[in-house]
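Asker: In this note's numbering, the protein residues as written are 5 to 184.
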C-alpha cells in the first residue's frame, strides 16, 4: 500500500479506512502502507506471500514512480501472492487521488485492470477490481489535504465506497462481518 493506506493525513491511526473497516467487520489487518515506498518490489512480494491472509488488498498505484514501473511490477506482484495463496481473494485497487496528482491516471488504471483481466482469463475467479479514480472528483479538494492524501472525511468516503464491496468479498469466503 501507499501513504494513503499508511494514513499519512489522518488525524490519528484509527481514522484510516482499513482500521475503521477492521473494527466494523471485526477482523484483523496488517497495514502494509509505506509512504513513498512499497513499489511492488520482488522481495516485498516474496515476504508478503508468507503472511497468513484471508484477503489481500493490492493498492500501491500511488507509489509506482511511472506507468512503466507499474506495468513491470503489478502483475508480477499479484502472481507472487497467487503462487503461495491460489484461492485467496485479491482486491486490486486504483489510486483515489484527484486527477491533478497524476496526469497518467488512465494508463495506471489500465495496468491494474489488465492484471485483473489477465487473472480472469486464466480462470481465476477470486480477484476483484476497485476503481478509485472518480472517488474524490465529485467533491473537489474536500476530503483531502492537497488533492491526494485523504483527511478523516476522505477516509470515511473511501470506507463508504469500498467497505461494502470488501465486506461482500469477506462474507463470500466465510469471513463473517460483525456489523456491515
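Each residue gets a CB set at the ideal place from its N, CA and C atoms; glycine is no exception.
Put residue 152 into one of helix, strand or coil per three-state DSSP.
Answerer: Taking the first residue of the chain shown as position 1, residue 152 is located at position 148. If DSSP states are grouped into helix, strand and coil, residue 152 belongs with coil.
Asker: Do residue 160 and residue 14 count as a contact pair if the criterion is CB distance below 8 Å?
Answerer: Taking the chain shown and counting its residues from 1, one reaches residue 14 at position 10. Taking the chain shown and counting its residues from 1, one reaches residue 160 at position 156. Result no, Cβ atoms of residue 14 and residue 160 do not sit closer than 8 Å.
Asker: Could you round the C-beta distance between residue 89 and residue 53 to whole angstroms and report it? I think they count as a contact, below 8 Å.
Answerer: Counted from its first residue, the chain shown places residue 89 at position 85. Counted from its first residue, the chain shown places residue 53 at position 49. Residue 89 to residue 53, Cβ: 7 Å. Contact.
Asker: Return helix, strand or coil for residue 33, following the three-state DSSP convention.
Answerer: Walking along the chain shown from the start, residue 33 turns up at place 29. Three-state DSSP puts residue 33 in coil, outside helix and strand.
Asker: Does any residue of chain C have a CB that is nearer than 8 Å to the CB of residue 122?
Answerer: The question asks about chain C, but that chain is absent: this structure has only one protein chain.
Asker: Do you know how far the Cα of residue 63 is from the Cα of residue 169?
Answerer: For this step, residue 169 is matched to residue 165 along the chain shown. For this step, residue 63 is matched to residue 59 along the chain shown. When rounded, the distance between both Cα atoms is 15 Å.
Asker: Tell me whether residue 173 is buried or exposed, calling it buried when 16 or more other Cβ atoms sit within 10 Å of its Cβ.
Answerer: Taking the first residue of the chain shown as position 1, residue 173 is located at position 169. Under this definition residue 173 is a buried residue.
Asker: Counting Cβ pairs, one atom from each stretch, are 3 or more of them under 8 Å apart for the stretch 7-22 and the stretch 144-155?
Answerer: Touching, yes, given that three or more Cβ pairs across the two stretches are closer than 8 Å.
Asker: Do residue 123 and residue 82 have their beta-carbon atoms positioned less than 8 Å apart in this structure?
Answerer: Within the chain shown, residue 82 is the residue found at index 78, counting from 1. Within the chain shown, residue 123 is the residue found at index 119, counting from 1. Contact flag set, yes.
Asker: Tell me which same chain residues have a C-beta within less than 6 Å of the C-beta of residue 33, skipping the five on either side of it?
Answerer: Indexing the chain shown from 1 puts residue 33 at position 29. Counting only Cβ-Cβ distances below 6 Å, and skipping sequence neighbours, we find 22 and 26.
Asker: Run the CB neighbour count on residue 84, radius 10 Å, all protein chains shown included, and call it buried at 16 or more, exposed below.
Answerer: Against the chain shown, residue 84 aligns to sequence position 80. Answer is buried; the Cβ neighbour count reaches 16.
Asker: For residue 98, count the other beta carbons within 10 Å of its own beta carbon; 16 or more makes it buried, fewer makes it exposed. Which is it?
Answerer: Start at 1 with the first residue of the chain shown, and residue 98 comes out as number 94. Classification for residue 98: buried.
Asker: Could you tell me whether the Cβ atoms of residue 94 and residue 130 are closer together than 8 Å?
Answerer: Position 90 of the chain shown, counted from the first residue, corresponds to residue 94. Position 126 of the chain shown, counted from the first residue, corresponds to residue 130. The answer is yes: Cβ separation under 8 Å.
Asker: Rounded to a whole number of angstroms, what is the C-alpha to C-alpha distance between residue 10 and residue 67?
Answerer: Within the chain shown, the letter at position 6 stands for residue 10. Within the chain shown, the letter at position 63 stands for residue 67. Approximately 12 Å between the Cα atoms of the pair.
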